[in-house]
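Numbering of the sequence shown is given in numbering that gives the first Met the number 0, commencing with residue 0 and proceeding in unit increments.
Cβ atoms here follow ideal geometry from the backbone N, Cα and C, with glycine treated the same way.
Following: one structure in structure tokens, then a few remarks.
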Amino acid sequence: MSAIKKCLFPAAGYGTRFLPATKAMPKEMLPIVTKPLIQYGVEEAMSAGLTGMAIVTGRGKRAIEDHFDISYELEHQIAGSSKEALLDDTRKIIEECTFTYTRQVEMKGLGHAILVGGELIGNEPFAVILADDYCVNEGGDTVLAQMVKLYEKYQCSIVAIEEVPEDEVYKYGVIEGEEEEPGVYRLSNMVEKPPVEEAPSNLAIIGRYILTPDIHDRIRSTPPGKNGEMQITDALMAQAKEGQVIGYRFKGRRFDCGSVEGFIEATNYTYQQQNS
Ligand code: G1P
């Protein structure tokens, strides 16, 4: 049994890039084909053996809570029809997982969202999924399942990393480290959204983390960073100084569903997978 049981989903952001779609609807509920982004995240967490879903929401996000709940009227309506099976996955999630929610009242960065969500986690290692980063690994372990396995060996914080084109490093946390085994780096440096000339590499952090519980205090004691926000990258840097962060080049593919282009790519990819 894994030591990691809970997964935190920061989901308070406005999703302004998807306006007007996200005016009254959480961006996490945008569907890739027919399934909301956040459901893919929850299913990935389950695939890694996690059942405690801790969601950091904000104003206008109630649809997320309703989604992971029973809808008696609707289910009664479609009972016995061909549509019934369309809710099988959601029903399984509701049966097997527990959901807890808290609200991030002010938007002060990803580090802040994780700190706020910490109330739902307690003093144990946990995973973080940014649902915007939609990850697939055809026929193999999901990215989070790969990371949970790695945690059993390394017992420290782990960030998923991926090579990105140099002209895109400014969008990400960027790492530097020693490769200890193929694809596994012991991190010595991390910079949040650097200009290309200050980037230590073109290996970018993507939205999958395993964090040890000392991260909460690290976030509290880390001053605001890039854009005046509390950056998880900076808090992780405090752990990295003690050799306690691994960067993992995951197997699989990631779509940046925080951008319209990435979202469309993910949609086309998934539609083709489902119909091939
Ligand atoms: C966040 C992190 C960044 C990371 C990225 C992955 O940035 O701050 O380090 O590379 O997620 O998606 P955001 O995309 O929320 O601005």
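Taking a 10 Å sphere around the C-beta of arginine 61, we find fewer than 16 other C-beta atoms and assign the residue as exposed. In this structure, isoleucine 63 sits away from proline 30, with a CB-CB distance that is not shorter than 7 Å.
A Cβ-Cβ separation of about 6 Å places valine 173 in contact with proline 193 under the 8 Å criterion. In its chain, beyond the 5 residues on either side, Ala2, Ile3, Tyr150, Ile209, Leu210, Thr211, Pro212 have a beta carbon closer than 8 Å to the beta carbon of proline 124.
Residues of the same chain with a CB within less than 8 Å of the CB of methionine 229, apart from the 5 flanking positions on each side, are Lys107, Gly108, Leu109, Gly110, His111, Leu114, Ile218, Thr221, Pro223 in chain order. Assignment of beta-bridge partners to serine 156 by DSSP yields Val244. Note: threonine 21 is not bridge-paired with any residue in the DSSP secondary-structure output. Under the three-state reduction of DSSP output, valine 32 falls in the coil class, being neither helix nor strand. Going by DSSP, valine 135 is part of the beta strand (DSSP E) stretching over 132-135. Just so you know, the alpha carbons of leucine 86 and valine 190 end up roughly 42 Å apart. Distances between the C-beta of tyrosine 171 and the heavy atoms of ligand 1 include at least one below 6 Å. Listed in chain order, the alpha helix (DSSP H) elements of length 4 or more contained wholly in the stretch 58-140 are 61-66, 71-77, 87-95, 109-120. For isoleucine 3, there is no enclosing beta strand (DSSP E), as DSSP marks it with neither H nor E. Arginine 58 and glycine 12 have their alpha carbons spaced roughly 9 Å apart. Per the coordinates, the alpha-carbon of glycine 176 lies some 27 Å from the alpha-carbon of phenylalanine 8. Going by beta carbons, threonine 141 and glutamate 27 fall outside the 7 Å limit.
Here histidine 75 is exposed. Its C-beta has fewer than 16 other C-beta atoms within 10 Å. Counted as a single uninterrupted DSSP element, the alpha helix (DSSP H) harbouring tyrosine 270 occupies residues 259-273. For lysine 34, the CB contacts under 8 Å within the same chain, skipping 5 residues up- and downstream, are Asp88 in chain order. A residue is called buried once 16 or more other Cβ atoms fall within 10 Å of its Cβ, and glutamate 178, having fewer, is exposed. The residue from Ile93, Lys225, Lys5, Met52 with its alpha-carbon nearest to that of asparagine 122 is Lys5. Taking the Cβ of aspartate 132 as the reference point, at least one heavy atom of ligand 1 falls within a distance shorter than 6 Å.
When the beta-carbon positions are compared, tyrosine 247 and alanine 159 come within less than 7 Å of each other. Bounds of the beta strand (DSSP E) holding alanine 53 are 51-56. At least one heavy atom of ligand 1 falls within 6 Å of the beta-carbon of leucine 109. Around the beta carbon of tyrosine 133, a 10 Å sphere encloses 16 or more other beta carbons of the protein chains shown; the residue is thus reported as buried.
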